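See structure below.
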Amino acid sequence: MRAKLLILTMVIMLAIMFAIPSVSFAELKEGTTTQGEFALWLVKVVGAQSKLPPAAQGKDAINFLMGLGVAPEGGWAKDKPITKEFLTSLLPDEDTSKLSFDELVSKVQEAVKNLFSDKKLGVFRGTSSASGSTPAV
Amino acid sequence: MLTRKTAKVNKSCLICLVFVFSFFVLAAGVSFGAEGGSEGGNWFSNLAKNWGSSMSNMFSEIGSADAGTKPRIKPHFSTSTSFISNQNFGTNQGSAAFLARVAPGLGVTFPVGDKLYTEADYVYGLSFTQGRKAAFNVGTHNINALARYDLTSDTVLGASNNIQWSESPDRSGSTFFLETATGEVSHRFDEKLSGRVSDTFQHYKPPQSGTSNAQYDFNDNGVATSLSYELTEKLGFGPSFSWNARHFDNVTSKEKDYWQISPGLGVGYQLGPKTSLAANFGWAYRDFTVGKGHGESELVWGAAVTHLLSKKLVWALNYSKTLQDTFVTDFVNRQDNPTATNFDNLNANFRVVKVHMISTTGTYNFNEKNSVAAFMGWQFTEANAKDNVLRSDSFDRGISNNETTMETGASYGYRLTRYMSVDLGYTFGRRFKSPNDPSRHDYTFHKLTGGLNISF
Numbered sequence: 176m177r178a179k180l181l182i183l184t185m186v187i188m189l190a191i192m193f194a195i196p197s198v199s200f201a202e203l204k205e206g207t208t209t210q211g212e213f214a215l216w217l218v219k220v221v222g223a224q225s226k227l228p229p230a231a232q233g234k235d236a237i238n239f240l241m242g243l244g245v246a247p248e249g250g251w252a253k254d255k256p257i258t259k260e261f262l263t264s265l266l267p268d269e270d271t272s273k274l275s276f277d278e279l280v281s282k283v284q285e286a287v288k289n290l291f292s293d294k295k296l297g298v299f300r301g302t303s304s305a306s307g308s309t310p311a312v
Numbered sequence: 003m004l005t006r007k008t009a010k011v012n013k014s015c016l017i018c019l020v021f022v023f024s025f026f027v028l029a030a031g032v033s034f035g036a037e038g039g040s041e042g043g044n045w046f047s048n049l050a051k052n053w054g055s056s057m058s059n060m061f062s063e064i065g066s067a068d069a070g071t072k073p074r075i076k077p078h079f080s081t082s083t084s085f086i087s088n089q090n091f092g093t094n095q096g097s098a099a100f101l102a103r104v105a106p107g108l109g110v111t112f113p114v115g116d117k118l119y120t121e122a123d124y125v126y127g128l129s130f131t132q133g134r135k136a137a138f139n140v141g142t143h144n145i146n147a148l149a150r151y152d153l154t155s156d157t158v159l160g161a162s163n164n165i166q167w168s169e170s171p172d173r174s175g176s177t178f179f180l181e182t183a184t185g186e187v188s189h190r191f192d193e194k195l196s197g198r199v200s201d202t203f204q205h206y207k208p209p210q211s212g213t214s215n216a217q218y219d220f221n222d223n224g225v226a227t228s229l230s231y232e233l234t235e236k237l238g239f240g241p242s243f244s245w246n247a248r249h250f251d252n253v254t255s256k257e258k259d260y261w262q263i264s265p266g267l268g269v270g271y272q273l274g275p276k277t278s279l280a281a282n283f284g285w286a287y288r289d290f291t292v293g294k295g296h297g298e299s300e301l302v303w304g305a306a307v308t309h310l311l312s313k314k315l316v317w318a319l320n321y322s323k324t325l326q327d328t329f330v331t332d333f334v335n336r337q338d339n340p341t342a343t344n345f346d347n348l349n350a351n352f353r354v355v356k357v358h359m360i361s362t363t364g365t366y367n368f369n370e371k372n373s374v375a376a377f378m379g380w381q382f383t384e385a386n387a388k389d390n391v392l393r394s395d396s397f398d399r400g401i402s403n404n405e406t407t408m409e410t411g412a413s414y415g416y417r418l419t420r421y422m423s424v425d426l427g428y429t430f431g432r433r434f435k436s437p438n439d440p441s442r443h444d445y446t447f448h449k450l451t452g453g454l455n456i457s458f
């Protein structure tokens, strides 16, 4: 019985996988992708997705990146599109004038990956929830 | 008997085949999409030639164009060695010990198109403690899984599950089990208004051999919802409401069963491009199943500021007043659960503890390889006599307990290569003497840690 249920689950999963348009492909595009979308993408590629709420929006990702010290010149604006200037301002002071858009994205990705550390995040519990679920010993 | 076994094996093989097949189809589909399949062509004819390259790509370097959209397997490994001056947090410093831990792990990210993203991660940790008064090994398992589906550009469905399944240091071979599952929906109504609703289920099972802890088996279910309205580009605010109920299996611990509601209001303000402020204020009402008339009604609040002093220096300050639950568990290695610290060692004799906590952190990134960080935190807890459920004959005859705990420290991190980093840290911690409860004695500890991390 259990095996049948498992097989049925697998078949349903397969059906869903086929139904989902796997041909669509979200690329980062200069002038089109918003800063909120970019922030979500950045959190995902550095492996910090689990630090956000499961259904996180761009604002959640921006708050997380601010905590790491990642902020563009002039601050984040989640609905504004990303540009080369925006990406340059996320990087430490260095000459990036000759870099392409894709190269700048890679640089930012690398810089944020260097900043992200599970251990640093775990220094203190940062909850302000009234219904804490805190263990005790 | 043999026939039954054969049938079982066949079924298992079939399940495995379906798994493997779905995995390959998924990988091929994603790869096909990435390579321009949307422009037309025979979907199935492309499957065969694409799945192979997709599978090989799972271990290859992800470029900026496809990061986050292709399946990937990410092995990781960390090891650390520590010396702690007070391993069992005793009053005197007579229990120094060396601690060592190795923790290999494997993560899998599995995006499907640009709408569905899934990831799973498993870490096995093996810790060794060797000291004059302590010598034990502990194995831990930590599993994280996450899925998010972008239903539309404004609506996101998400689900996550965390399982901790670990041995207890003082009970060889016995394990505790803690599972936290969350389902969430978030939606942007327009450019200014957004909201979310989530349900969280938690199940805890203590080590079986520890009969005194068996009473702490519990299930917790909670629903939370919030709205956020952006009044201006810099100022946002919104109400929130949460409800949760906690039930302990053992009848002798009904005193801790409760339901709680908590309405609140949150505000966020962007003070210039480098500074963000946040605050929340609300009310929490907790009604216990036993001991009517002893419900807890408290105001709760918090404030936080994050400031980028420069591109290299980030500083944060947090303050909060919360109600915290207490249940007995043994977090054998707190790095497996980054949200727990020694501050979480609350007095389990109480069914609710009011906690004031203030903490600050600062990180200076010299360059892409070197960084230093410092932190300090103080925690003040208050627990009323009426909430002392284990040490009193009746709810009105217990003793209250107030405690103060602090921790401070610094760490240095150096990135050897893109995938490898080392760190060195020092932590000083202290709990001050509790005036009413001698079992919650004071302690002081110093801890030196060095570690290596590898993550692809």
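Quick note, the sequences are listed as chains A and B, same order. Remember, the numbering used here sits 175 above the position in the first sequence when you count from 1. Remember, the numbering used here sits 2 above the position in the second sequence when you count from 1. No residue lacks a Cβ here, since even glycine has one placed at the ideal position from N, Cα and C. A quick note: this is a predicted structure, and the numbers were derived from the prediction, not measured.
Own chain, CB closer than 6 Å to G452/B, minus 5 neighbours either side, in chain order: T83, L426
Within chain B, partners of E205/A - CB distance below 9 Å: Under the 9 Å cutoff, chain B gives no residues; its nearest Cβ is about 12 Å from E205/A.
Contacts of K276/B in chain A (Cβ-Cβ under 8 Å): A246, G250
Start and end residues, beta strand (DSSP E) containing L311/B: It is not in any beta strand (DSSP E) - L311/B carries neither H nor E in the DSSP assignment.
7 Å Cβ cut-off: residues of chain B touching D254/A: E193
Beta-carbon proximity list for N139/B, same chain, < 6 Å, skipping 5 on both sides: F130
Three-state secondary structure (DSSP) of R190/B: strand
Three-state secondary structure (DSSP) of L319/B: strand
is_contact[S303/A, chain B] using C-beta, thresh 8 Å: Only weak support exists for where S303/A lies, its pLDDT of 29 falling under 50; the value from the coordinates is given anyway. Yes, S303/A lies at the interface with chain B (some Cβ there is under 8 Å from its Cβ).
N390/B burial status per 10 Å Cβ neighbour count (16 or more: buried): buried
Expected contact under 8 Å - CB spacing of A306/B and A280/B to nearest Å: 5 Å
Chain-ordered chain A contacts of L148/B [CB-CB under 8 Å]: Q224, S225, P229
Residue-chain proximity (K273/A, chain E), Cβ-Cβ < 8 Å: Among the protein chains of the structure shown, namely A and B, there is no chain E.
Burial state of L233/B (16 or more Cβ within 10 Å): exposed
The stretch 411-419 of chain B contacting the stretch 432-448 of chain B, beta-carbon criterion three pairs below 8 Å: no
Alpha carbon of G235/B to alpha carbon of N90/B, nearest angstrom: What sits at residue 235/B in the sequence shown is Glu, not Gly. Answer to the nearest angstrom: the Cα atoms are 50 Å apart.
Per-residue contacts from Q232/A into chain B (C-beta, under 7 Å): V158, S188, R190, S196
Cβ neighbours of T410/B in the same chain (closer than 6 Å, five flanking residues each side left out): M378, F430
Local conformation of K219/A per DSSP, three classes: helix
Opposing strand residues paired with Y416/B [DSSP bridges]: N372/B, V424/B
Cβ pair L265/A, T271/A closer than 8 Å: no
Any C-beta of chain B under 8 Å from that of L240/A: no
Cα-Cα separation between E181/B and K276/B, rounded to whole angstroms: 37 Å
Nearest candidate by alpha-carbon position, reference E186/B, set D327/B, G266/B, D192/B, G160/B: G160/B
P77/B, buried or exposed, once every other Cβ within 10 Å from all chains shown has been counted against 16: exposed
Three-state class that DSSP yields for F25/B in the structure shown: The pLDDT assigned to F25/B is 42, lower than 50, so where the model puts this residue is not dependable; a value taken from the coordinates is nonetheless given after this. DSSP places F25/B in helix when its eight states are reduced to three.
Cβ-based burial, D123/B [other Cβ within 10 Å; buried from 16]: buried
6 Å Cβ shell around S80/B - same chain, five flanking residues per side excluded: A105, N455
Nearest candidate by alpha-carbon position, reference G270/B, set G304/B, W245/B, L101/B, S373/B: G304/B
Euclidean distance between Cα positions of S242/B and T208/A: 30 Å
Cβ neighbours of S97/B in the same chain (closer than 8 Å, five flanking residues each side left out): N88, Q89, N90, G133, R134, K135, A136
Sequence-distant residues of its chain with Cβ nearer than 7 Å to L311/B (five each side left out): W317
Simplified DSSP assignment, three categories, for S281/A: helix
Nearest candidate by alpha-carbon position, reference S188/B, set I182/A, V220/A, G250/A, L227/A: L227/A
Residue burial classification, F368/B (beta-carbon count within 10 angstroms, cutoff 16): exposed
Cross-chain neighbours of L450/B in chain A, by beta carbon under 9 Å: Neighbours of L450/B on chain A: none; closest Cβ ~15 Å, over 9 Å.
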